[in-house]
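Remarks on the structure that follows.
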Amino acid sequence: MPPPPVRSPSSLLLCHCRLPFHISPQTRLPLSHNSSVRRRFHCSAVSALSSDPQIAPTDLTTTPPSSHILSIRESLLSRRRTAADVAGEYLDRLRRTEPHIRSFLHVSETTMREAEEVDRLVASGKDLGPLAGVLVGVKDNICTAGMPSTGGSRILEGYRPPFDATAVRKLKEAGAIIIGKTNMDEFGMGSTTEGSGFQVTANPWDISRVPGGSSGGSASAVSAKQCVVSLGSDTGGSVRQPASFCGVVGLKPTYGRVSRFGLMAYASSLDVIGCFGASVIDSAIVLNVVSGHDRFDSTSSTHEVPDYASFLMSTDHFESTPLKGLKVGMIRETIGDGVDVGVISSIKAAALHLEELGATITEVSLPSFSLGLPAYYVLASSEASSNLSRYDGVRYGNRATVDELNSLYGDSRADGLGPEVKMRILMGTYALSAGYYDAYYKRAQQVRTLIRKSFKDALEKMDILVSPAVPSPAYKIGEKVNDPLAMYAGDIMTVNVNLAGLPALVVPCGFVEGGSAGLPVGLQMIGSSFSEEKLLRIGHIFEQTLPNYRFVPPLLFLELV
Amino acid sequence: MALIFHRGIIANSQFFSRSSGVLFRRLRASRSCTSARGEGTANTLKEELIQVAPKRALEPNTHGFEAIIGIETHVQLFTLTKAFCSCPYVYGSRPNTTICPVCMGHPGTLPVLNSKVVEFAVKLGLALNCGLSMTSKFDRKHYFYPDLPKGYQISQFDIPIATKGFIDVDLPVEFGGGHRRFGITRVHMEEDAGKLLHSETGSYSQVDLNRAGVPLLEIVSEPDMRSGIEAAEYAAEIQRLVRFLGISNGNMQEGSLRCDVNVSVRPIGQSKFGTKVEIKNMNSFSAMNRAIDYEISRQVLLHSQGQSDQIFQETRLWEEGAQKTFTMRKKEGLADYRYFPEPDLPEVVLTKEFVDKLCQGLPELPEAKRRRYEKMGLTMQDVLFLANDNHVAEFFDASLENGADPKLAANWIMGDISAFLKNERLSITEIKLTPFELSELIASIKNGTISGKIGKEILFELLAKGGTVQSLIEEKDLVQIVDPAAIEALVDKVLAANPKQLEQYRAGKTRLQGFFAGQVMKESKGKANPLVLNQILGVKLKGES
Chain A
1337 MPPPPVRSPS SLLLCHCRLP FHISPQTRLP LSHNSSVRRR FHCSAVSALS
1387 SDPQIAPTDL TTTPPSSHIL SIRESLLSRR RTAADVAGEY LDRLRRTEPH
1437 IRSFLHVSET TMREAEEVDR LVASGKDLGP LAGVLVGVKD NICTAGMPST
1487 GGSRILEGYR PPFDATAVRK LKEAGAIIIG KTNMDEFGMG STTEGSGFQV
1537 TANPWDISRV PGGSSGGSAS AVSAKQCVVS LGSDTGGSVR QPASFCGVVG
1587 LKPTYGRVSR FGLMAYASSL DVIGCFGASV IDSAIVLNVV SGHDRFDSTS
1637 STHEVPDYAS FLMSTDHFES TPLKGLKVGM IRETIGDGVD VGVISSIKAA
1687 ALHLEELGAT ITEVSLPSFS LGLPAYYVLA SSEASSNLSR YDGVRYGNRA
1737 TVDELNSLYG DSRADGLGPE VKMRILMGTY ALSAGYYDAY YKRAQQVRTL
1787 IRKSFKDALE KMDILVSPAV PSPAYKIGEK VNDPLAMYAG DIMTVNVNLA
1837 GLPALVVPCG FVEGGSAGLP VGLQMIGSSF SEEKLLRIGH IFEQTLPNYR
1887 FVPPLLFLEL V
Chain B
14 MALIFHRGII ANSQFFSRSS GVLFRRLRAS RSCTSARGEG TANTLKEELI
64 QVAPKRALEP NTHGFEAIIG IETHVQLFTL TKAFCSCPYV YGSRPNTTIC
114 PVCMGHPGTL PVLNSKVVEF AVKLGLALNC GLSMTSKFDR KHYFYPDLPK
164 GYQISQFDIP IATKGFIDVD LPVEFGGGHR RFGITRVHME EDAGKLLHSE
214 TGSYSQVDLN RAGVPLLEIV SEPDMRSGIE AAEYAAEIQR LVRFLGISNG
264 NMQEGSLRCD VNVSVRPIGQ SKFGTKVEIK NMNSFSAMNR AIDYEISRQV
314 LLHSQGQSDQ IFQETRLWEE GAQKTFTMRK KEGLADYRYF PEPDLPEVVL
364 TKEFVDKLCQ GLPELPEAKR RRYEKMGLTM QDVLFLANDN HVAEFFDASL
414 ENGADPKLAA NWIMGDISAF LKNERLSITE IKLTPFELSE LIASIKNGTI
464 SGKIGKEILF ELLAKGGTVQ SLIEEKDLVQ IVDPAAIEAL VDKVLAANPK
514 QLEQYRAGKT RLQGFFAGQV MKESKGKANP LVLNQILGVK LKGES
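From first to last, the protein sequence lines are chains A and B. Note that this note's numbering gives residue 1866 to position 530 of the first sequence, counting from 1, and the numbers run on in steps of one. Note that this note's numbering gives residue 394 to position 381 of the second sequence, counting from 1, and the numbers run on in steps of one.
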């Protein structure tokens, strides 16, 4: 198969249509194979913001991110490109970038065949699912039938689940093509992806740096355009932190919004499947597909699933102050000591931008904020010590060759599990032990209740809360390997949100110095439970109006120009 | 009303007759619906305060010691599917054929609670007179064993679905009888583990996960039992309850009903419990009875020899062959199961409507049945026979509904019907005789249409082949002869045919009347009314010579 002609990333971006702001409100996903809709997509949108010269893009190289999903859809429906062309382009880029960033633990061998299947569907004129021909990377702790799923752990090396996770099933039903399994810290325990049992993933912005974690592979893969969108999981920030490090959009939905069935449990009461995209709208489209109650997950919510994406697509144009009246609370505890000054100034600039869009920014204090980190590590480790008991080598995964039962357990787990995982199992086992339960687990649960309440109070006064997603930009590979406490401290911005079960969206908002082109910084927006629609709308407006930034990592220039 | 009731102490059956029931002023536990008390948690059912009086009497052969017995019973529920996945469970299936990723504990799988389990738990909780927790939760109990796929068992720890109940038991008459009330500490829901199949050489073991995830109710009793027979009857009553409720087959051989018994012994008058020993591996009630009595004697012997320090907290197995208990494993301190709330399952919230509906749908339970039968004037022997088996009880009740006399129906069921069942190895549900026909039969005898003897014949016909009493009587011309003239004719005929015997009779050998009666009955093909026959025969024999 001849590789498709190499194009510069800027031309790639340009060939994607701008966001079709002029689409009428009745246009909804899934888009029908309907000529009137198609026609709308043909038109390249003129920035609706031109009326406001201050925040209007000044030149086309800083075009705001457009929806790759809609662009693929449009090219399939208009027959400008085939799904095979699209898949070929991504696979080609994957092959060339993968040696540098190593995002994937497994790359599917059936991608081209599945793309051709989509093309046959297009040719037959049948309805296309909302993700037809869209290549999706799936974090390796999310089960995929017929592909290895190891959770980044040696103890599950070669394990192929007999079923698809509900989120994966829904993606497939929507026409998505699973391109492969992305690297991660073992069972989600880590913030750098250095904790993978198999390989270290690099950050496409600076390959000497970590992509963040634990969903580092999913974030770097979207950043480096190895796939269109990806699934991750977020227990204490594992979607939002790598999104910030890699300059992509990361969405952590409300606990229970997306079924956890098929997600290898790390801390069941905190785990959420989230997604990465190059734009807010792509994240919204993926969320649309994977959300909803699942009878296989009793903790999944029956809360109605609104159409997260259609509103964004149907936004006719932005007024000069589209966020007028929006009350934004800046969490005071997140912009003080211990936070990188560059990050603080990026976040303050982002807040200023929100103000320009009409929002009012108020500093709010969450008094229990600092308690979140210790409470999180007690609860997450406790649940992990329980959830990981099943990896015993008896029924699946790696089993030590021994002839005595205790050694079967001891050796299989000693050989198969990595040091970070062992440490957390030990911590969790200790915290749940008789005599310590009240002092640790129970107390942490009480803190959790406090945190929930303080968020609830703050979100009664504010529409959303904002903070940095991470106190620093991406750090060097190896920098914090021997300092777990420093690594844990990096989770301060995100863990509280998991403890409260709230949705949060991270949108790239600026840069700090570092690497060859600067390092991205993400703005975290936190909403009340099941307010994803609002978060996505604000995030979308923010992203589309953010001046002078383009979040394409230098790796793509180096590789492709 | 405060009711003091003395709990059973007397274990020696000879000393315990029905009359000792005076020790037990019986508490009529009218079952009231818990939920009527409102929505609080752990409402207790009992309005009455039950005080346990100090133990007084004791079985003589325990030499001044008393045994304290508590029982943990695991009841396997016969729901269509397992507790947390949709696998069926069929006892005796080929290993690992009723399993799925969920009950195998595959990565990423989650439990989904089978609502039938909650329904069954509530039914049992109500039947055991427990208070129900309107909000309860599941917890994880951790330990490593190859038959436990997830490394933890989903169970209920600090908030069980039902607590603080009691169960009423009538001891068998042959063991001295007597009524007992035993406290129920709690009932909770949990899942079963799989099974290990050990190779003959012992060099390897295989894991069968068919049973993993099958729903169980664990019933924990108060340490209220004092003897093997009390413990066995407690377990038997639990079995009856679950069968009456239709929540389990209660089969001990298949392991659907498993009892772990804790036994300790202490000198009478001492309030501190002795070291308790757990006994397992009893697969019948009689084995329970014997195992416990053995264990009591063993411990009493050690106590009386001053070797009470040789009683260890341990698990002992009952060996049927040796009729003894043997050490299985010594407890090395308390296991730490690291319980914590199961995050994959929401709380179990019961509504008043749900509980009320189940409460109203409860069948009549064994205790209520026994009291009802007792009121009918049946002996305790009859009561226990009829009420102990729900099928028998159903049959009996159905015949009563058709107007059968209770005592007569009881006699038929306990006599000829039961003998037939035993001979043919059938259950009462398998016979062709219907309760309606039994009541017809009883009525036909009572109103004189047929004789008791003919009744018996018809009964066996009905048992084996079915049909109706009416048609059998007509078909075989079995209607009783009550007409004196007809009977007189038969008597005359017999007397005439046996002149020699008649002569002997009249010479004073009056016991020959029986012979003549038999001959007349034979002549009448069994249809002559015995009363009329004997009357006429008497007159004729003495009569006209």
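Ideal Cβ placement from N, Cα and C applies to all residues, glycine included. Computed from a predicted model, the values in this text were never measured in an experiment.
Contact set for residue i: own chain, Cβ-Cβ below 7 Å, skip 5 residues either direction
i	result
G461 of chain B	Q493, V495, N542
L1444 of chain A	Per the sequence shown, the amino acid found at residue 1444 of chain A is Ser instead of Leu. The answer, listed in chain order, is M1483, I1514, I1515, G1516.
V1625 of chain A	P1466, L1467, K1506, L1507, A1510
P559 of chain B	Because chain B spans 14 through 558 in this model, residue 559 of chain B falls outside it and cannot be assessed.
T1765 of chain A	S1721
Cut-off 6 Å between Cβ atoms - residues of its own chain near residue i, not counting five sequence neighbours on either side
i	result
G118 of chain B	P162, K163
R44 of chain B	Model confidence at R44 of chain B stands at a pLDDT of 42, short of 50, so the residue's coordinates are unreliable; what they give is reported in the following sentence. The answer is none, since no qualifying residue turns up.
R1438 of chain A	Q1535, T1537
V1575 of chain A	S1551, G1568, G1586, K1588, G1610
L1396 of chain A	Any reading at L1396 of chain A is ruled out, since the residue's pLDDT is 40, under 50, leaving its predicted position unreliable.
R253 of chain B	P379
V255 of chain B	V88, S261, G263
Contacts that residue i makes with chain B (C-beta to C-beta distance below 8 Å)
i	result
M1763 of chain A	Per Cβ cutoff of 8 Å: no residues; M1763 of chain A is ~13 Å from chain B at best.
L1492 of chain A	P120
F1597 of chain A	G121, T122, L123
S1605 of chain A	P356
Contacts of residue i in chain B (Cβ-Cβ under 7 Å)
i	result
I1730 of chain A	First, the residue type needs correcting, since residue 1730 of chain A is Val and not Ile in the sequence shown. Per Cβ cutoff of 7 Å: P159, V220.
L1768 of chain A	R351, F353
F1499 of chain A	P114
G1487 of chain A	P120
S1718 of chain A	F353
Y1777 of chain A	F353
Beta-carbon gap between residue i and residue j smaller than 8 Å
i	j	result
K95 of chain B	C143 of chain B	no
D152 of chain B	F353 of chain B	yes
G1572 of chain A	P1589 of chain A	no
F367 of chain B	G226 of chain B	no
A1451 of chain A	A1481 of chain A	no
A1579 of chain A	I1617 of chain A	no
P1856 of chain A	T1670 of chain A	no
L573 of chain B	E267 of chain B	There is simply no residue 573 of chain B to check, as chain B begins at 14 and stops at 558 in what is shown.
F1612 of chain A	V1641 of chain A	no
S1485 of chain A	P1497 of chain A	yes
Under 9 Å by beta carbon: chain B residues contacting residue i
i	result
D1633 of chain A	L123, V125, D357
M1600 of chain A	P120, G121
Close Cβ partners of residue i (< 8 Å) along its chain, the five nearest in sequence each way excluded
i	result
E360 of chain B	T148, S149, K150
E52 of chain B	Because the pLDDT at E52 of chain B is just 37, under 50, the model does not fix this residue reliably, and the value given afterwards should be weighed accordingly. The answer, listed in chain order, is M147, K365.
Residue i: contacting residues in chain A (beta-carbon distance under 7 Å)
i	result
G164 of chain B	S1725, R1726, D1728
H155 of chain B	S1722, S1725
M117 of chain B	R1731
Proximal residues of chain A, C-beta to C-beta of residue i below 8 Å
i	result
M202 of chain B	In chain order: nothing, as chain A lies at least about 15 Å away.
* Is the segment 1794-1803 of chain A in contact with the segment 1817-1825 of chain A, if contact means three or more CB pairs nearer than 8 Å? -> Judged by Cβ distances under 8 Å, the segment 1794-1803 of chain A makes no contact with the segment 1817-1825 of chain A, as fewer than three pairs qualify.
* Asked: Which residue spans inside the segment 1503-1527 of chain A form an unbroken beta strand (DSSP E) run of at least 3?
  -> 1513-1518
* Are three or more beta carbon pairs between the segment 244-256 of chain B and the segment 277-285 of chain B nearer than 8 Å? -> For the pair of segments examined, the segment 244-256 of chain B was found not to touch the segment 277-285 of chain B: the number of CB pairs separated by less than 8 Å stays below three.
* What residue ranges within the segment 1695-1761 of chain A form continuous beta strand (DSSP E) runs of no fewer than 3 residues, ordered along the chain? -> 1696-1700
* Count the CB pairs spanning the segment 1770-1778 of chain A and the segment 1748-1756 of chain A that are closer than 8 Å, and state whether there are at least three. => no
* Asked: Residue ranges of each alpha helix (DSSP H) run of no fewer than 4 residues wholly in the segment 91-160 of chain B, ordered along the chain?
  -> 128-140
* Entirely enclosed beta strand (DSSP E) segments - the segment 447-478 of chain B, minimum 3 residues -> none
* To do: Could you tell me whether the segment 214-222 of chain B touches the segment 76-84 of chain B, using the rule of 3 or more Cβ pairs below 8 Å?
  => no
* Evaluate the contact criterion for the segment 447-463 of chain B versus the segment 412-428 of chain B: three or more CB pairs, one atom per stretch, below 8 Å. => yes
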